[in-house]
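Here's the structure, in structure tokens; my notes come after.
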Amino acid sequence: LLPRAAAYHDGALLVACQGNDTLVEYDARAIDPARTERRRWRLPAGPDGVAVDSLQGRAVVHARFDHRLAVVPLGGGAAREIELTRPARPALTAAQEAGRRLFHAAHDERISADGRACASCHPDGREDALTWSTPDGPRQTLMLTGRLPESGPYGWSGASTSVDDHVQQTFTRLGGHGLPDDARSALVGYISTLGAPRAGRPTVWAQRQQALVERGRALFTSAEASCATCHPGGLSDGQSHAVAVRARADQSDRLDTPSLRFLGQSAPYFHDGRYATLGQMLEAADHHMGQSLQLEVSDRRALLAYLETL
3 LLPRAAAYHD GALLVACQGN DTLVEYDARA IDPARTERRR WRLPAGPDGV AVDSLQGRAV
63 VHARFDHRLA VVPLGGGAAR EIELTRPARP ALTAAQEAGR RLFHAAHDER ISADGRACAS
123 CHPDGREDAL TWSTPDGPRQ TLMLTGRLPE SGPYGWSGAS TSVDDHVQQT FTRLGGHGLP
183 DDARSALVGY ISTLGAPRAG RPTVWAQRQQ ALVERGRALF TSAEASCATC HPGGLSDGQS
243 HAVAVRARAD QSDRLDTPSL RFLGQSAPYF HDGRYATLGQ MLEAADHHMG QSLQLEVSDR
303 RALLAYLETL
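Residue numbers for the sequence shown follow our numbering, so the first one is 3 and each next one is one higher.
Right under this line is the structure:
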């Protein structure tokens, strides 16, 4: 369903779902509200916010993709739509907009057999922080946004030379029938627009750590740590390497080098998500990546500070 927003009203939990463009009402007092659906309303495409007007007995939902508001009478009846002013220069082309809708479409059998959408694992183009069982072994979800241009080949095994090829392989892996060429091109076109995630303002602590970050930057590019050998500029060398001590189900210990962009926002770490934090990964002895274990504790702290700025 891809729930994106929720509001409470008089014992009811109202959930705006982007995967099927509905507002669903659940019994908020139930032990498991998800099993107590009461009713649902159809909405314009891309609902991403809901607010309740208790005095008027209605909910108002913002539908991002259609640039509309939906006014939902909670006493019963269909939603009333209100057209919003559209930007003079849309951020997406018509084809990219179609791709965005496909990216968020749940229960499309062309994409998956179990109802998953692209956005189920990659909300806002990011990652779900989960590790999935795959035919190649356990694999944690990779972030898409802000990384794609410089991170080919694609997938943990590096088996796909293009995003289009990787998308097709993903459909097959998820049991989907596949999209026709024009629809798949629209989807890939939308994925290519996923820019860098928003960065918060630097905290006072971060500003005071500039010397530590600079020390970490020097270590990153040094032979002592050997990070930049595979991650030049914090990106990827586009190669696969035997770096892993295998998880039990791994079919190979060779992994494609992922980009480190926005690394601090993409826990857990390693191909199988075995490290909950970057600090744990830098201190670990069960892999063959770089030489961070040999660094002094103060140097690992500096390297960590730098990695979190990428």
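Ideal Cβ placement from N, Cα and C applies to all residues, glycine included. Small disclaimer: the values here were computed from a predicted structure and weren't measured.
{"Check": "Rounding to the nearest angstrom, what Cα-Cα distance links Val-165 and His-289 in this structure?", "Outcome": "28 Å"}
{"Check": "Measuring alpha carbon to alpha carbon, tell me which residue in Met-291, Leu-262, Pro-49 and Leu-309 is nearest Ala-244.", "Outcome": "Met-291"}
{"Check": "Give the C-beta separation of Arg-263 and Arg-149 to the nearest angstrom, bearing in mind that I take them to be a contact with Cβ-Cβ under 8 Å.", "Outcome": "5 Å"}
{"Check": "For Glu-310, name the three-state secondary structure that DSSP assigns.", "Outcome": "coil"}
{"Check": "Which residues in the same chain as Asp-255 place their Cβ atom closer than 8 Å to its Cβ, once the five residues preceding and following it in sequence are excluded?", "Outcome": "Ala-244, Val-245, Ala-246, Val-247 and Arg-248"}
{"Check": "In chain order, what residues of the same chain lie with their CB nearer than 8 Å to the CB of Arg-118, ignoring the 5 residues before and after it?", "Outcome": "Ala-108 and Leu-176"}
{"Check": "Would you decide whether Gln-20 is buried or exposed? Buried here means 16 or more other CB atoms lie within 10 Å of its CB.", "Outcome": "buried"}
{"Check": "Pick out whichever of Asp-12, Phe-272, Val-17 and Arg-88 has its Cα sitting closest to the Cα of Thr-133.", "Outcome": "Phe-272"}
{"Check": "Does the Cβ of Leu-57 have 16 or more other Cβ atoms within 10 Å, making it buried, or fewer, making it exposed?", "Outcome": "exposed"}
{"Check": "Who does Thr-24 pair with in a DSSP beta bridge?", "Outcome": "Cys-19 and Arg-44"}
{"Check": "Report buried or exposed for Ser-135, applying the criterion of at least 16 other Cβ atoms within 10 angstroms of its Cβ.", "Outcome": "exposed"}
{"Check": "Return yes when at least one heavy atom of the ligand FAD lies under 7 Å from the C-beta of Gln-171, else no.", "Outcome": "With respect to small molecules bound, the structure shown includes none, and the ligand FAD cannot be examined in it."}
{"Check": "Which residues in the same chain as Asp-138 place their Cβ atom closer than 8 Å to its Cβ, once the five residues preceding and following it in sequence are excluded?", "Outcome": "Trp-158, Ser-159, Asp-252, Gln-253 and Ser-254"}
{"Check": "Just list the alpha helix (DSSP H) runs in the segment 249-305, keeping only unbroken ones of 4 residues or longer that don't cross its boundaries, in chain order.", "Outcome": "280-285"}
{"Check": "Below 8 Å between beta carbons: does that hold for Glu-152 and Leu-221?", "Outcome": "no"}
{"Check": "Is Gly-177 helix, strand or coil when you go by DSSP?", "Outcome": "strand"}
{"Check": "Between the alpha carbons of Ala-18 and Gly-275, how many angstroms are there, rounded?", "Outcome": "30 Å"}
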